[in-house]
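One structure is given here, and the rest of the page talks about it.
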Amino acid sequence: MTNILLVTSSPRGPQSHSTRFARDIADSLSARSGGAIVERDLGATSLPHITAAYIDGRIAPPETRTPEQTEAVDLAQSLVDEVQAADVIVIGSGMINFGPPTQLKAWFDHITWPGVTFRYGATGPMGLLPNKKVYLVTATGGVFSEGSYAPFDFQTTYLTHLLGFIGLRDIEVIRVEGTLVSPDAARAAIASTEAQIRAALERAA
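Counting in the numbering used here, the sequence shown runs from 20 upward without gaps.
Here it is, written out as structure tokens:
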């Protein structure tokens, strides 16, 4: 059985392409393996931005934490627990102002935890979350995989860097792009994404 963590982040909810295709991947994997899906919908229930309570609380001994620190650390620990329990992680991210949504950034801020999901050693940083497959669905209104806008795809490069930083390097990027160029381009983008997903799932079989 495969444990699947589905993380979506669009404020557009089910109308979002990133949410739709991330859910399609998770549902297909679940149907194939009989695995359970744990869903973290950051668009529907946003996480707070990290505060001093989290930053100070995570390095303080548990018995000395204030109530605010305990609450902040417990929230982060629950998010880390979801990631650690997953065999496969599916993430949906729709580009906003050339980067990922702030809702998804807040999730990474909570789970990127020194000594828990990464540490620094003699040769530099080491991720502590290995042996997990990640499907990263990125949605953009324009085309960012190539051409003149490619240097401005701060979403995909940033997210793949963060995932690798905590040890998640087996990443399959699924792009849905060009959906706002024209109606024909949108139809072509949907078809291309569906084909990418079929190919990715065939490789995983």
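Beta carbons are placed, not taken as given, at the ideal position from N, Cα and C, and that holds for glycine. Just so we're clear, the structure is a prediction, and the values are computed from it rather than from any experiment.
ask   = By how many angstroms is the C-alpha of D93 removed from the C-alpha of D60?
value = Taking the first residue of the sequence shown as 1, we reach residue 60 at position 41. Taking the first residue of the sequence shown as 1, we reach residue 93 at position 74. Going from the Cα of D60 to the Cα of D93 covers about 18 Å.
inquiry  = Mapping the DSSP letters down to three states, classify T157 as helix, strand or coil.
reply    = In the sequence shown, counting from the first residue as 1, residue 157 sits at position 138. Looking at T157 - three-state DSSP - the assignment turns out to be strand.
task = In the DSSP assignment, find the unbroken alpha helix (DSSP H) run with F137 in it and report its ends.
result = For the purposes of this step, residue 137 is taken as residue 118 along the sequence shown, with counting starting at 1. From DSSP, F137 is part of no alpha helix (DSSP H) but of the beta strand (DSSP E) over 137 to 140.
ask   = If you count every other CB in all the chains shown that lies within 10 Å of the CB of T83, and 16 or more means buried, which is it?
value = Sequence index remark: in the sequence shown, residue 83 carries index 64 (1-based). Counting Cβ neighbours within 10 Å, T83 comes out exposed, since fewer than 16 surround it.
key: Of the listed residues G62, I44, A63, nearest to G54 (C-alpha basis)   = Here residue 54 refers to the residue found at position 35 of the sequence shown. Among G62, I44, A63, the Cα nearest to that of G54 belongs to I44.
query = Would a C-beta distance cut-off of 9 Å place S112 and L178 closer than the cut-off?
reply = Residue 112 sits at position 93 when you count from the first residue of the sequence shown. Residue 178 sits at position 159 when you count from the first residue of the sequence shown. Their beta carbons are under 9 Å apart, which means S112 touches L178 by this criterion.
Cα-Cα separation between G118 and D128, rounded to whole angstroms = In the sequence shown, the residue the question calls residue 118 occupies position 99. In the sequence shown, the residue the question calls residue 128 occupies position 109. Roughly 15 Å separates the two Cα atoms.
ask   = What are the boundary residues of the beta strand (DSSP E) that G111 is part of?
value = As a first step, residue 111 is located in the sequence shown; it is residue number 92 there, counting from the start. Its beta strand (DSSP E) spans residues 107 to 113.
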